[in-house]
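*Asks:*
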Amino acid sequence: MLKTFVNSLPPRSFWIANCLFWLILNSMAATNSYRMNLHFERPANWFALWFEYLPWWGNWIIVAPIVIATTQLLTFDAKKIPSFLLKTVGIMIVVLASYWCLTLVEVALLEHGKVTFDILSSAFARLMLSPLHMDLLVYLAVLFSGYSFTYYQRSRLHAKRNKELSQQLLQVELMSLKSQLNPHFLFNTLNTIASLIRLDNKNTAIKALSELSAMLRTVLENQRSQMISLEQEVRFIQSYLTIQHMRFEHKLTTEIVIDPDCLSIDIPFMLLQPLVENAVQHGAQLASDKNEVKLNIQSDAEYLQVKLVNKIPEKDEHQGFGIGLSNCRKRLEMLYQDQFELTLTPLSNGYFETFLSMPIQETMPIQETMPTQETGRINA
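Just so we're aligned, residue 3 is where the sequence shown starts under the numbering used here, counting upward by one.
#1: Given a cut-off of 9 Å, decide if residue 218 and residue 195 are closer than it, judged by their beta-carbon atoms.
#2: Among residues of its own chain, excluding the 5 on either side of residue 197, which ones have a beta-carbon nearer than 6 Å to its beta-carbon?
#3: So, helix, strand or coil for residue 253, using DSSP?
#4: Is the region 67 to 82 close to the region 120 to 134, with three or more CB pairs under 8 Å?
#5: Rounded to whole angstroms, what is the Cα-Cα separation between residue 37 and residue 162?
#6: Among 71, 252, 307 and 48, which has the Cα closest to the Cα of residue 274?
#7: Report buried or exposed for residue 312, applying the criterion of at least 16 other Cβ atoms within 10 angstroms of its Cβ.
#8: State the start and end residues of the unbroken beta strand (DSSP E) segment that holds residue 227.
#9: Please report how far the alpha carbon of residue 18 lies from the alpha carbon of residue 71, in whole angstroms.
#10: For residue 70, report the span of its alpha helix (DSSP H) as first-last.
#11: Taking DSSP as the reference, what is the three-state secondary structure of residue 276?
#12: Give me the residue from 16, 44, 290 and 53 with the minimum Cα distance to residue 28.
#13: Taking just the CA atoms, how far does residue 84 sit from residue 33?
#14: So what's residue 312 in DSSP terms, helix, strand or just coil?
#15: Residue 294 and residue 265: beta carbons closer than 9 Å?
#16: Looking only at its chain, what residues have a beta carbon closer than 8 Å to the beta carbon of residue 102, apart from the 5 residues adjacent to it on each side?
#17: In whole angstroms, give me the CA-to-CA distance for residue 277 and residue 296.
Put into structure tokens, the structure is as follows:
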């Protein structure tokens, strides 16, 4: 109990401010008494008056932190109001009684230089004639100040904990969304490799497995992080496109154009890959060859802008985006609230545009550099 009480005492900065506050009040009381004596032409010495008032105001330097510490220990409970009031009144009586006893001893020492029963009795009689209600009002002022400070601290602590819990919940939800993408992409990629094996194209299948290995290594390295550099995300996409070109051969023509200044920008991991995968799946459904998939990425001062254009089948109603697009939108909403834009727009000649704009976060520059990607093309 004693250890808990000591830990509840205000910090050192409070003690300094508390000391200055009560000494200033003591000086104001001495000044007021000094001016009154001068007004009624009575002899007065300001320093003597200052020391005379010191036991009454100065002792609050010790009492005030004790009162505030009690507010840390007594928690208001609406279901236990009588018990709370009884404890509060009991503590008030004990603290004020201790304050008055200490004050009487100090007054006796200052006026007589010693403490005897007669001196204390005389001082006590004077105390009973003094405005004791002032001490009660001062105590209540300190008590309510202490409760205000206590509840302010607790509200800040609760707000901090709620923020931490919200962030933890957000991370869990984001990890859950990202974990949904991994099996989805892996299932589609393994199907691609299985198709190559069925076509007895073993060398191509081995190369595809090598690219898949690089992709899985990236997934494992970033399984605990939400963000990845655009440079790493594009490498991930390139590995995926390499596998798709092996499967669909002449059906696809892909082009990636990236502003080199964007490469060090951090984006959510596996955010763009599902969009590219969706575009590739649309192109693979077409009967024609050389179906274009164009990815263009650039930035301005505040936003990263991604434009993906691909050809779609005539009867496609643009609803087949499935888990990839809905997952991307949910992740963007959690990370950027309403500060992003994700639009899907039909174009002429059977083309379709996916446009994404999201805020740029401050990141450390990436040491490695992308191999000549500013106008890089991947053509089948």
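Where a beta carbon is used, it is the ideal one built from N, C-alpha and C, also for glycine.
*Replies:* So, from the data block:
#1: It is not a contact, given that the beta carbons lie outside the stated cut-off.
#2: Result list for residue 197: 249, in chain order.
#3: Note: residue 253 maps to helix in three-state DSSP.
#4: By the C-beta criterion, the region 67 to 82 is judged not to be in contact with the region 120 to 134, since fewer than 3 inter-stretch pairs fall below 8 Å.
#5: Their backbone Cα atoms lie some 51 Å apart in a straight line.
#6: The candidate whose alpha carbon is nearest that of residue 274 is 307.
#7: It counts as buried.
#8: Here residue 227 belongs to no beta strand (DSSP E), and DSSP marks it neither H nor E.
#9: Near 16 Å, if we compare the C-alpha coordinates of residue 71 and residue 18.
#10: Counting along the chain, the alpha helix (DSSP H) containing residue 70 begins and ends at 62 to 75.
#11: Helix at residue 276.
#12: Comparing Cα-Cα distances from residue 28 to each of 16, 44, 290 and 53, the minimum goes to 53.
#13: Computed Cα separation, rounded: 43 Å.
#14: DSSP places residue 312 in strand when its eight states are reduced to three.
#15: No, they are not a contact pair.
#16: Taken in chain order, the residues that qualify are 129 and 137.
#17: The straight-line gap from Cα to Cα measures roughly 12 Å.
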